Amino acid sequence: MIKIIKLCPVCGGKGKFFNQKCPSCKGQSGSLSKLNKEIKEAIELNRAKFNEQENRLLEYYLNGFPQDEIARKSDLTLAKTLLLFYQIQKKINSA
Ligand SMILES: [Zn+2]
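By our numbering, the letter at position 45 of the sequence shown is numbered 122, and the numbering carries on one by one without gaps.
1) Between the alpha carbons of LEU135 and GLY89, how many angstroms are there, rounded?
2) How about ALA125 and ILE169: are their beta carbons less than 7 Å apart?
3) Label SER101 either buried or exposed according to how many other C-beta atoms from any shown protein chain fall within 10 Å of its C-beta, with 16 as the threshold for buried.
4) Please check if any C-beta of chain B sits within less than 7 Å of the C-beta of LEU84.
5) How far does the beta strand (DSSP E) with LYS83 in it reach, from first residue to last?
Quick look at the structure:
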């Protein structure tokens, strides 16, 4: 299974990124994994599954931007950005 989102070890991602104020992740429930070869290949293999917004986020991700920067460039909150990446992760891991 490809992990693009690392869930917060304290709250385990409970609440799925919706404003639950965990002291460890401050309600974000997780963070974006560092890009590696495996993730890169999985993204390329699953290109057809992503919509326009997801492709734009992935473009930033593949270009090495950190999660805060991706959120800012996309005009989204960090929590929303992480939620979208969580959906991308689900698409990648569904056969
Ligand atoms: Zn947490």
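The C-beta atom is built at its ideal place from N, Cα and C for all residues, glycine as well.
Owing to the predicted nature of the structure, the values given are computational and were not obtained by experimental measurement.
On the basis of the supplied data:
1) Residue numbering aside, residue 135 sits at position 58 when the sequence shown is read from its first letter. Residue numbering aside, residue 89 sits at position 12 when the sequence shown is read from its first letter. Using only the alpha carbons, I get a separation of about 24 Å.
2) Locating residue 125 in the sequence shown gives position 48, where the first residue counts as 1. Locating residue 169 in the sequence shown gives position 92, where the first residue counts as 1. Going by C-beta atoms, ALA125 is not nearer than 7 Å to ILE169.
3) Numbered from its first residue, the sequence shown carries residue 101 at position 24. Per the 10 Å Cβ criterion, exposed.
4) Considering every chain present, this structure includes no chain B. It has just one protein chain.
5) Against the sequence shown, residue 83 aligns to sequence position 6. Start and end: 82–84.
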